[in-house]
Ligand SMILES: Cc1cc2nc3c(=O)[nH]c(=O)nc-3n(C[C@H](O)[C@H](O)[C@H](O)COP(=O)(O)OP(=O)(O)OC[C@H]3O[C@@H](n4cnc5c(N)ncnc54)[C@H](O)[C@@H]3O)c2cc1C
Ligand SMILES: Cc1ncc(C[n+]2csc(CCOP(=O)(O)OP(=O)(O)O)c2C)c(N)n1
Ligand code: SF4
Ligand code: SF4
Ligand code: SF4
Ligand SMILES: [Mg+2]
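Chains as they are written, first to last, in the working numbering: chain A, 1 to 350; chain B, 1 to 593.
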């Protein structure tokens, strides 16, 4: 009987420039059901952080409640973590982010955690353009509480008990675009080649980055008739774009077809090489993606890839002009500058 | 690349590195698990079926399995496979009632076995239960061959040897000891239905250099000298001894010398230390007994004074490597003299076939060795078979045993009028070990403990008594912990394409990144694009048929820990951990366990 991962690793496992290998970005052994899509997303996070060469102690993982929200325990065990209250991850993330701009914020949530109990918090964190990556592990149900339909379950999707969903499902990507998100992507847990570059791009984005990842719940929502099952998602997956993430250091030398391939420079100087698979769509044109999403819904297609990107994004800290030094590094001198300064402030408010 | 043919038992056989490397294909992980379960008698019998001499081999085997052991690739050192075999032997109960029944009515076939070493005894063990009348001829007073005459008692106690040799002779074997066969013709002219030659490689090489004759009273041939020690004809040696040679015989000669009065015993060898033929552990044991090993010294002459040996002169050399070939080149330094009272020459063994007439229809090759088929062990004369050191030159006990099994199959087929080239298939079984979601019938928890050394008796004591066994063997607690180091390579990861939903769970969980889902191409390309490239080409990759998404599953066998996590993580049981038993065929498809 094993709940312990063997300590041995492959001696030829590659290392990144920090001297870490993938194992250094792993967490404890997952307790999710065997085959849960969420575990694949965890593996993609591990790979993305390894490839991005992020120092693990520079990452803060935040989550709410649900099987999905448990996953931060299963990756990046050397990073900071906060497993918060159901649907309340955004407010914890906001507080942490305003207090310390130096960390990379990675929020993990479920469709229940986001689209039901946490909907209010979600709307505001998007609208404020908090500098974070927000991954929704979307399985169309409340996995942890045994698979009740969630608010993202599609209309007509059949539950494990055989019942068709009577309500229209919430499209989190469309909603986020509507609310002013500056990076919106959609993907599938079973397609790491697409998901890993998206996570890398999201982590490099300055501002709010949503990745809605369809992630089948093998135990409660992988039955025939479910629109969130492995089979259904594979059959209806329609990639809008494919993405290569080009780190800051690398130069772009290849020649390319400008109408199809587009390079987008990120805030930190890295590049996204975007291969547009649909000619009508432009990643920086909000209208084109809204149309594409609606058309896809009519055709029962699931659009995946990078959907929308606002390269002029200004994240919340910059907007509020908060201190660049993390609060925990400010000394009494800066925090209590004396009564003269207070006087000055009060004067200014009169 | 074509999908792997899972039905071919050779695929899974190769995954069990130790068993595959063992010449007799002993089911190693199976007996190691039995030891961990405290079933020593069963573990002994699993060994006995395959290698016939578990107690002897558990102390003396050349252990080709250990360098092959997967554990050595995963961490520093392999599992102590050999010394665990000794544990099975040390702690077994009486096994006499488990020995095969010998039919009272014989099958009417009569076989002569010339030589009483492990090769002949293995043939006898395999054929006796089938009703053959077996006659063993040997010039010694007892059976065992070189295991008795050469291997010193401080490595192999007489009672262990006797028990396992008698265990076979008690199967109704007719012995003709103290009888040296001077003519093979005389044997083939008798009414034997088949003859097996297992006479070993009994001639020690001499080293003729200036002074050899004058010093001859103090110059000995290693294997002759060891035999004479074993028979207690020789009980003493001079204080200063030089042993020439770098193989295991040299190691036995120097260590025996230390026990017979040699205070300053040296091994002097031509080649560099690292290239000596002796096993690393034999060299270690010799050095532990204060025997220096002086390498890169080529003997030039025996030095004598008044017709008596006083020492030897050596030329210093260094090894130069060119195009993968080694040359020993003199360094130009002055020759070195080492004083000595006695010199033992241990530089190799040869076969001796003067007693085999050349007009019997047996073809001999350019080195004057009989031409022997390496599968059937048949000579060019029908009904005449060779095995052990006599067949393909000096090797070791386990090779002699393996060849004995194969010769026994041939003799049986030959006597039953069947084609000896139609080899019987191995007996294989593959069955699931699943007991629950996280439960298997084997212990899949992987310990990180390092190899445990085998405790030794006090040096003072062992050096003063030639018969005192040096190694004490593992106690049961240590044996258990050492057994737990085994990775159960025979519990196979069996994959079924039809069940796989490609959720990647196995790929994500695998601690050593063995599994990759990717698109097919040729083997070379496939090996390079795995999660971690599969660069160890001695290890196969397991390739599935095409899956729903058009990808395939590829598993590199190289560093699989057989931990079962892939199967525990698989939601559809597309992976299963299945125990694979592989037993090479024995004569008459006989099964002992
Ligand atoms: C010093 C030394 C140490 C060794 N240590 C090890 C070890 O630790 N582990 C290991 O695996 N191997 C060891 N070996 C090798 C091993 O002993 C042999 O490979 C093995 O015994 C070969 O078995 P066999 O049955 O072919 O022949 P043998 O064991 O050589 O038996 C042949 C028998 O036939 C008899 N014989 C020969 N000619 C005739 C004849 N014409 N008529 C009648 N009888 C005859 C011989 O006297 C002998 O008894 C060692 C060898 C030496 C020399
Ligand atoms: C305040 C509060 N309300 C309700 C619950 C019960 N609860 C636990 S998890 C969960 C739903 C989780 O669904 P989702 O976020 O989709 O996660 P999944 O398990 O599907 O990954 C609910 C309702 C709770 N823990 N706390
Ligand atoms: S219940 Fe569903 S979501 Fe939760 S761990 Fe199991 S498969 Fe994953
Ligand atoms: S780990 Fe065990 S089964 Fe695997 S090669 Fe070593 S001894 Fe054999
Ligand atoms: S048994 Fe499975 S999980 Fe374990 S090392 Fe082998 S392939 Fe990987
Ligand atoms: Mg959910």
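A virtual CB, placed ideally from N, CA and C, is assigned to each residue, including glycine.
Sheet register partners of residue 301 of chain B (DSSP bridge)
Looking at the DSSP assignment, residue 301 of chain B forms a beta bridge with B:313.
Could you spell out where the beta strand (DSSP E) holding residue 353 of chain A opens and where it closes?
Residue 353 of chain A falls outside the range modelled here, since chain A spans only 1 to 350, and no answer is possible.
When DSSP labels each residue in this structure, what does residue 289 of chain A get in the three-state scheme?
Correct three-state label for residue 289 of chain A: helix.
Opposing strand residues paired with residue 61 of chain A [DSSP bridges]
Per DSSP, the beta-bridge partners of residue 61 of chain A are A:81, A:106.
To the nearest angstrom, how far is the alpha carbon of residue 178 of chain A from that of residue 308 of chain A?
Their backbone Cα atoms lie some 11 Å apart in a straight line.
Give the range of the alpha helix (DSSP H) segment to which residue 135 of chain B is assigned.
In the DSSP assignment, residue 135 of chain B falls outside any alpha helix (DSSP H) and lies within the beta strand (DSSP E) extending over 133 to 137.
Quick one: what does DSSP say residue 70 of chain A is sitting in, helix, strand or coil?
Here residue 70 of chain A sits in helix by DSSP.
Thinking residue 110 of chain B and residue 360 of chain B are a contact (beta carbons under 8 Å), I'd like their distance in whole angstroms, please.
With a Cβ gap of about 19 Å, residue 110 of chain B and residue 360 of chain B do not count as contacting.
Interface residues of chain B facing residue 12 of chain A [CB-CB closer than 8 Å]
In chain order: 532, 533, 535.
With residue 192 of chain A as the anchor, note down where its beta strand (DSSP E) starts and where it stops.
It is not in any beta strand (DSSP E) - residue 192 of chain A instead sits in the alpha helix (DSSP H) that spans 192 to 204.
Which residues of chain A have a Cβ atom closer than 8 Å to the Cβ of residue 505 of chain B, listed in chain order?
Chain A residues near residue 505 of chain B: 34, 35, 36, 39, 40.
With respect to 8 Å, is the separation between the Cβ of residue 150 of chain A and the closest non-hydrogen atom of ligand 6 below this value?
Distance from the C-beta of residue 150 of chain A to the nearest heavy atom of ligand 6 is below 8 Å.
Option nearest residue 326 of chain A by Cα separation, candidates A:63, A:89, A:36, A:100:
Taking only the C-alpha atoms, the option nearest residue 326 of chain A is A:100.
Once you ignore the five residues that flank residue 215 of chain B on each side, which residues in its own chain have a CB closer than 6 Å to its CB?
So the list reads 302, 304, 309, once near-sequence residues are dropped.
Considering residue 553 of chain B, what are the terminal residues of the alpha helix (DSSP H) in which it resides?
Run containing residue 553 of chain B: none in the alpha helix (DSSP H); it sits in the beta strand (DSSP E), 552 to 556.
Residues near residue 1 of chain A by beta carbon distance below 6 Å, same chain, minus five either side
Bear in mind that a pLDDT of 37 at residue 1 of chain A, under 50, signals an unreliable position, so the number given afterwards is only what the model happens to contain. No residues qualify anywhere along the chain.
Taking the alpha-carbon positions, what's the residue 286 of chain A to residue 180 of chain A distance?
Residue 286 of chain A and residue 180 of chain A: Cα-Cα distance of roughly 10 Å.
With H, G and I counted as helix, E and B as strand and the rest as coil, what does DSSP make of residue 636 of chain B?
As shown, chain B starts at 1 and ends at 593. That puts residue 636 of chain B outside it, with no answer to give.
Out of curiosity, what's the CA-to-CA distance linking residue 315 of chain A and residue 524 of chain B?
Answer to the nearest angstrom: the Cα atoms are 48 Å apart.
Would residue 147 of chain A pass as an interface residue toward chain B - the criterion being a Cβ-Cβ separation below 9 Å?
No, no contact with chain B.
Between residue 1 of chain A and chain B, is there a C-beta pair that is closer than 9 Å?
Per-residue confidence for residue 1 of chain A stands at a pLDDT of 37, beneath the threshold of 50, marking its modelled position as unreliable; no derived number is given.
May I ask whether a heavy atom of ligand 8 can be found less than 8 Å away from the beta carbon of residue 89 of chain A?
In terms of ligand content, the structure shown lacks ligand 8 and carries ligand 1, ligand 2, ligand 3, ligand 4, ligand 5 and ligand 6 instead.
I'd like to confirm something about residue 562 of chain B: is its beta-carbon nearer than 8 Å to some heavy atom of ligand 5, or not?
Residue 562 of chain B: yes, Cβ under 8 Å from ligand 5.
Quick check on residue 218 of chain A - is its C-beta less than 9 Å from some C-beta in chain B?
So yes, residue 218 of chain A belongs to the interface.
Excluding sequence positions up to five away, which residues of its chain have a Cβ less than 8 Å from the Cβ of residue 227 of chain B?
Closer than 8 Å at Cβ, skipping near neighbours: 149, 150.
Close beta carbons around residue 281 of chain A, own chain, < 7 Å, minus the five adjacent residues each side
Excluding its 5 nearest sequence neighbours in each direction, residue 281 of chain A has C-beta neighbours in its own chain below 7 Å: 240, 288, 289, 292, listed in chain order.
Cα-Cα separation between residue 336 of chain A and residue 346 of chain A, rounded to whole angstroms:
The straight-line gap from Cα to Cα measures roughly 15 Å.
So, does the CB of residue 7 of chain A fall closer than 9 Å to a CB anywhere in chain B?
At least one chain B Cβ lies under 9 Å of residue 7 of chain A.
Can you check DSSP and say which residues form a bridge with residue 210 of chain A?
In the DSSP output, where bridge partners are listed per residue, residue 210 of chain A has A:134, A:184.
For residue 285 of chain B and residue 112 of chain B, what's the separation of their Cα atoms in angstroms?
A direct Cα-to-Cα measurement between residue 285 of chain B and residue 112 of chain B gives close to 39 Å.
May I ask you to report which of helix, strand or coil DSSP gives residue 1 of chain A?
Residue confidence is low: residue 1 of chain A scores 37 on pLDDT, short of 50, so the model does not pin down where it sits. Its coordinate-derived value is still stated next. The answer is coil: DSSP assigns residue 1 of chain A none of H, G, I, E or B.
Assuming residue 102 of chain B contacts residue 171 of chain B under a Cβ cut-off of 8 Å, what Cβ separation, rounded to an integer in Å, is found between them?
About 5 Å separates the two Cβ atoms, so the contact holds.
Those runs of the alpha helix (DSSP H) which lie wholly inside the stretch 249 to 289 of chain B and span at least 4 residues:
For the stretch 249 to 289 of chain B, whole alpha helix (DSSP H) runs of length 4 or above, ordered along the chain, are 280 to 288.
Below 7 Å on C-beta distance, what does residue 4 of chain A contact in chain B?
Simply 445.
Let's see if you can read the secondary structure: which residues bound the beta strand (DSSP E) around residue 309 of chain A?
Per DSSP, the continuous beta strand (DSSP E) segment holding residue 309 of chain A begins and ends at 302 to 309.
Are the C-beta of residue 491 of chain B and some C-beta of chain A separated by less than 9 Å?
Cβ-Cβ to chain A under 9 Å: no for residue 491 of chain B.
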